[in-house]
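So the structure is just underneath, and the comments pick up after that.
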Amino acid sequence: DQQVKQNSPSLSVQEGRISILNCDYTNSMFDYFLWYKKYPAEGPTFLISISSIKDKNEDGRFTVFLNKSAKHLSLHIVPSQPGDSAVYFCAASQYGNKLVFGAGTILRVKS
Amino acid sequence: SQTIHQWPATLVQPVGSPLSLECTVEGTSNPNLYWYRQAAGRGLQLLFYSVGIGQISSEVPQNLSASRPQDRQFILSSKKLLLSDSGFYLCAWSPTSSPGNTIYFGEGSWLTVV
Numbered sequence: 001d002q003q004v005k006q007n008s009p010s011l012s013v014q015e016g017r018i019s020i021l022n023c024d025y026t027n028s029m030f031d032y033f034l035w036y037k038k039y040p041a042e043g044p045t046f047l048i049s050i051s052s053i054k055d056k057n058e059d060g061r062f063t064v065f066l067n068k069s070a071k072h073l074s075l076h077i078v079p080s081q082p083g084d085s086a087v088y089f090c091a092a093s094q095y096g097n098k099l100v101f102g103a104g105t106i107l108r109v110k111s
Numbered sequence: 112s113q114t115i116h117q118w119p120a121t122l123v124q125p126v127g128s129p130l131s132l133e134c135t136v137e138g139t140s141n142p143n144l145y146w147y148r149q150a151a152g153r154g155l156q157l158l159f160y161s162v163g164i165g166q167i168s169s170e171v172p173q174n175l176s177a178s179r180p181q182d183r184q185f186i187l188s189s190k191k192l193l194l195s196d197s198g199f200y201l202c203a204w205s206p207t208s209s210p211g212n213t214i215y216f217g218e219g220s221w222l223t224v225v
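Keeping their order, the protein sequence lines are chains A and B.
Just so we're aligned: 3 in the numbering used here is position 3 of the first sequence, and the numbers increase by one with no gaps anywhere.
Plus 111 on top of the position in the second sequence (first one is 1) and you've got the numbering used here.
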């Protein structure tokens, strides 16, 4: 049972444009959501997170939006840069419990 | 600041041989420790996690085992590797009192079983 789903295996975006990565979840008890970025042959690095008490969190070019009623979150990257090309993992947890990861979305930013 | 290291970075092992991957965390005490695997084209699968010395929880039945002999050391082992054990293994840690269970990953270890 996939509790966290990233339905788009890949996304291609032109440099300077907006990248939107999507994530859906099924467990309404999740109260904390994270995005990780992973380059090939490296460990994932924490990117940005959001608590369920918020609907938006911003950090520089990265913004995460949470729609609890739709059980949906998204990561916006504006403007996209070639160095943003990586695999992005969405993750969710219920306080005190382990993270559940999505399958990842490969982002390619074309220059 | 906290750091996490795992080794070796890459290894090629024959089927039936043993495995030992090591991971250490510096700059923190009593961390939660994790082993994940990323198989080719797939997401991150949690294999083991530990909340303290000698305390190991297994998430999936498999050919692997984990041990935590010291507070900041986590070891992934196998007595006899299978071809299906090939993949990218990641050690990770989180603070004991993490508000949202943010975890931090090591550099990863590529295992190819031949």
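Built from N, CA and C at the ideal position, the CB exists for glycine as well.
Contact annotation for residue 160/B against chain A: 98 [CB-CB distance below 8 Å, chain order]. From the beta-carbon of residue 28/A, no residue of chain B is found nearer than 8 Å; the closest lies around 17 Å away. By the rule that beta-carbons nearer than 8 Å mark a contact, residue 218/B touches chain A.
Residue-level contact check: residue 200/B does not touch chain A, since none of the beta carbons of chain A fall below 8 Å from its beta carbon. In this structure, 218/B is the residue among 218/B, 206/B and 141/B with its C-alpha nearest to the C-alpha of residue 118/B. In the structure shown, residue 198/B adopts extended strand secondary structure according to DSSP, grouped into three states. Residue 18/A and residue 59/A have their alpha carbons spaced roughly 15 Å apart.
For the pair residue 30/A and residue 154/B, the CB atoms are not nearer than the 8 Å cut-off.
When only Cα atoms are considered, residue 186/B and residue 10/A end up about 33 Å apart. With respect to the 8 Å criterion, residue 162/B and residue 174/B are not classified as neighbours on the basis of their beta carbons. For the segment 177-197 of chain B, the beta-carbon criterion of a distance under 7 Å to any beta-carbon of chain A is satisfied by none of its residues.
Using a 10 angstroms sphere on the CB of residue 6/A, the tally of other CB atoms reaches 16 or more, which defines it as buried.
In chain order, 99 make up the part of chain A whose C-beta sits under 7 Å from the C-beta of residue 214/B.
With a threshold of 8 Å between beta carbons, residue 49/A makes contact with chain B. The Cβ atoms of residue 138/B and residue 191/B lie no closer than 8 Å to each other.
Shown here, residue 24/A sits in a strand according to DSSP, grouped into three states. Contact between residue 131/B and residue 182/B fails: their C-beta atoms lie close to 19 Å from each other, not under 8 Å.
At a C-beta separation below 8 Å, residue 204/B has no neighbours in chain A, since its nearest C-beta there lies roughly 11 Å away.
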